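A quick write-up on the structure given underneath.
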Amino acid sequence: MTGQATKVLAVIVALTAIAVIVPNTNSFVILLTTRALAFSILVMSVDVLLGYTGLPSLGQAAYLGVGAYLTAILATRYQFGLGYDFWLVVVFGILIAAVLAAVFGLLAIRASGVYFLMITLALGQCAWGLAYRWNSLTGGDNGINLRGRPKFGIDLANEVTFFFLVFGFFVVSLLLMYTLVRSPFGRSLTGIRERELRMKILGYNTWLHKYVAFIIAGGFGGLAGVLWAHTAGIVSPENVVLTTSVDALLMAVLGGAGTLVGGVIGALIVFGLREYLSTLVPWWQYVLGSVYVLTILFLPTGLMGIPERIRQRQTLSGKREDVKEIAPVTS
Amino acid sequence: MTADSREPALELRGLSKSFGGLRAVHRVTLTVMPGERKAIIGPNGAGKTTLFNLITGILPSTSGQVMLFGRDVTKWPSHRRTALGMARTFQITSLFPKLTVLDNVLLAIQGLRRSKFVMWRFLSSYRELYDKAYGLLERAQFLDRKDTEVRYLSHGEQRQLEIVIGLASEPRILLLDEPAAGLSSGESSDMIRFLAHLDRSLAILLIEHDMDVVFDVTDHISVLHFGEVLEAGPREQIRHSEKVQQIYLGTA
Ligand SMILES: Nc1ncnc2c1ncn2[C@@H]1O[C@H](COP(=O)(O)OP(=O)(O)O)[C@@H](O)[C@H]1O
Ligand SMILES: [Mg+2]
């Protein structure tokens, strides 16, 4: 109990620090953090599936993509969503992604383990194919350039204002997902992750629980997409491509699956590394790849798992000393 | 009410299951009345666990019917059967290893409640649910270990917790698959005492190799051999049956 309170407090302190420090830095850091926070909403939604439900989805970029394309198409074609109607776009973006997840979920949720991974991957590729091929709507390979951010009382063209908007959405998403995973529904997802068969025998319609979780994750992906469109100013097939889904999954694992906030740490590190390294060395992608591989090999519980591992190491070495003391007696 | 109590809690009618060419369960017919305690014995591979999987809907049956409290549930998914008042334990311990004892019990209690769909309130705010979990854990003398992760419990403790979790949904019929498997003789007599003290209105269908458990807990035994009921009757009849001694008790 107290352990949980400490963790919550640490997150509050960290978030406050971000809100205070980042706006006072340069625009490079502000933009970088804004990107990472917007993308973190997608990463946390992946974590709800992977870390809490045990569903490794490799197609979550589709939901980010549909939210982002919706935002870009409405803004460039219909000048919609550039004033107060931005909030409507947020709602539409969440809804359309949730509907897409509801359709894809019908196909994916029946499978489990690696089959689930493959089906979500295939469905994600379908979404990418559409974005790439449907030239008249999506602009094909070139994508869609947004010509400005919304203005409603506040002007989101100001990068600090925009940072706080994304930060606000991020905090609300974190709170909602935190409540979700600690709710009766969320605990039942953990039960499904641990032992689905037992859950069925206990009276849970596990398919329905997974399906609902999948739709909710899709909705958060859509929200991340709406924010991403305005963060990047351009929406292209690159946002829907497999690599984006893989990124989201790996960021969740890097930070620590089943922790929610781990995803943010993962996102900040990856975005940071990518931006800094890509200006320094041409082989930055290998560095990133190595970080992923090393994490999975040596830190399966992610960066958030480090304190726990240190504690285990300490108790372990403590035990070893005990053994040493006993050893002479037994030999 | 009287009509209800005359209706079998569980009725199997010619229930069969084949895996390819293997007839794992073949035309099993069996009735368990409310409050009745029956055992299924038989050598390894006789089809006992498969029979439980058919009753609970984990596996689809090849032919035959499963009637639960008067309803034909043959085609129902597991969770709906559970909702009618059935619970089971597993031969191989099947708990939530990385969750605490308390969380295991909470999930079990919540399985048949509508609150399992609530996602805007913390689970920890459901006082009544926790009170019930504490009550169950106290009766099973687990309260001191409520915050222990299940994977750190001993085998015997895990076997006990299996039953606690089975009882959490307040079933009217409980299926126990070798509850005493791997227990020491001391733990095994604890188990007998625990089972013997369960509410008499609870029907029990028990699979067990430990004959002490079988004879102390149940009064009717069906012997399963190559998927078929070889003989069924009161325990004294089975104890003295030559056929049964040949295939089963003789080897034990
Ligand atoms: N899912 C399955 N697929 C194929 N064969 C199975 C399956 N489950 C059980 N069997 C086979 O059915 C037979 C009965 O097994 P089981 O019901 O576990 O026996 P018991 O519980 O009486 O020891 C065994 O030969 C076993 O190998
Ligand atoms: Mg068995």
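Quick mapping for you: the protein sequence lines, in order, are chains A and B.
Oh and the first sequence: position 60 is 60 in the numbering used here, straight run, nothing missing.
Position in the second sequence (from 1) plus 1000 gives the number in the numbering used here.
C-beta: ideal position from N, C-alpha, C; glycine also.
These numbers were taken from a predicted model, which means no experiment stands behind them.
Among the CB atoms of chain A, none fall inside 8 angstroms of the CB of Asp-1177 (chain B).
Within the region 219-303 of chain A, the complete alpha helix (DSSP H) segments of 4 residues or longer fall at 242-255, 261-280, 284-298, listed in chain order. Shown here, Lys-7 (chain A) sits in a helix according to DSSP, grouped into three states. Sequence-distant Cβ neighbours of Arg-1200 (chain B) in its own chain, meaning closer than 8 angstroms and more than five residues away, are Gly-1035. For Lys-1075 (chain B), no beta strand (DSSP E) encloses it, and the DSSP letter there is neither H nor E. In the structure shown, Pro-307 (chain A) adopts helical secondary structure according to DSSP, grouped into three states. Judged by pairs of C-beta atoms under 8 angstroms, the region 1148-1163 of chain B touches the region 1174-1194 of chain B, as three or more such pairs exist.
Taking every protein chain shown into account, the CB of Phe-162 (chain A) has 16 or more other CB atoms within 10 angstroms, so this residue is buried. No heavy atom of ligand 2 is found nearer than 7 angstroms to the CB of Asp-1210 (chain B). For a Cβ distance threshold of 8 angstroms, residue set Leu-197, Lys-200, Ile-201 of chain A lies close to Ile-1058 (chain B), ordered along the chain. Ala-257 (chain A) and Gly-191 (chain A) do not touch by the CB rule: their CB atoms are close to 17 angstroms apart, not below 8 angstroms. The alpha-carbon separation between Ile-73 (chain A) and Leu-137 (chain A) amounts to approximately 8 angstroms.
In terms of beta-carbon proximity, Arg-1121 (chain B) lines the interface with chain A, with at least one pair separated by less than 8 angstroms. Scanning chain B for C-beta atoms nearer than 9 angstroms to the C-beta of Leu-180 (chain A) yields Met-1119, Trp-1120, reported in chain order.
Chain order gives the chain A residues near Asp-1103 (chain B) as Arg-187, Thr-190, Gly-191, where near means a beta carbon separation below 9 angstroms.
In the DSSP annotation of this structure, Asp-1177 (chain B) is not part of any alpha helix (DSSP H); the continuous beta strand (DSSP E) holding it starts and ends at 1173-1177. Looking at A:Leu-223, A:Asn-239, A:Gln-285, A:Ala-97, the one whose alpha-carbon comes closest to that of Leu-174 (chain A) is A:Leu-223. Here the region 1047-1056 of chain B makes contact with the region 1215-1227 of chain B; the two share three or more CB pairs at distances below 8 angstroms. From the beta-carbon of Tyr-204 (chain A), the residues of chain B found nearer than 7 angstroms are His-1079, Gly-1111, Lys-1116.
Near ligand 2, meaning a beta-carbon closer than 6 angstroms to one of its heavy atoms, we find B:Lys-1048, B:Thr-1049, B:Gln-1091. For Glu-194 (chain A), the residues of chain B that pass the 7 angstroms Cβ criterion are Phe-1096, Pro-1097, Lys-1098, Leu-1099, in the order they occur in the chain. Counting only runs that start and end inside the region 1119-1175 of chain B, the alpha helix (DSSP H) elements of at least 4 residues fall at 1127-1139, 1155-1167. In this structure, the C-beta of Leu-1022 (chain B) approaches ligand 1 to less than 7 angstroms from one of its heavy atoms.
For the C-beta of Arg-1088 (chain B), the chain A residues within less than 9 angstroms are, from N- to C-terminus, Ile-201.
Between Glu-1170 (chain B) and the set B:Ser-1016, B:Leu-1136, B:Arg-1145, the nearest pair of CA atoms involves B:Leu-1136. Within 7 angstroms of the C-beta of Ala-1046 (chain B) there is at least one heavy atom belonging to ligand 1. For Arg-1013 (chain B), the uninterrupted beta strand (DSSP E) segment begins and ends at 1010-1019. Taking 8 angstroms as the cut-off, the Cβ atoms of Val-1150 (chain B) and Phe-1096 (chain B) count as close. Gln-125 (chain A) counts as buried, since at least 16 other C-beta atoms from the protein chains shown sit within 10 angstroms of its C-beta. In this structure, DSSP gives Ser-1061 (chain B) a state outside helix and strand, which the three-state scheme calls coil. Following the DSSP letters along the chain, one finds Lys-1048 (chain B) inside the alpha helix (DSSP H) bounded by residues 1048-1056.
The Cβ of Thr-1148 (chain B) sits no closer than 8 angstroms to any Cβ of chain A.
Separation of His-230 (chain A) and Arg-77 (chain A) (C-alpha to C-alpha, rounded to the nearest whole angstrom) is 15 angstroms. Taking the CA atoms as reference points, Thr-1031 (chain B) sits about 58 angstroms from Val-241 (chain A). Listed in chain order, the non-local C-beta contacts of Gly-1070 (chain B) below 7 angstroms within the same chain comprise Glu-1007, local neighbours out to five positions each way being set aside.
At the C-beta level, Gly-1057 (chain B) and Arg-1081 (chain B) come within 8 angstroms of one another.
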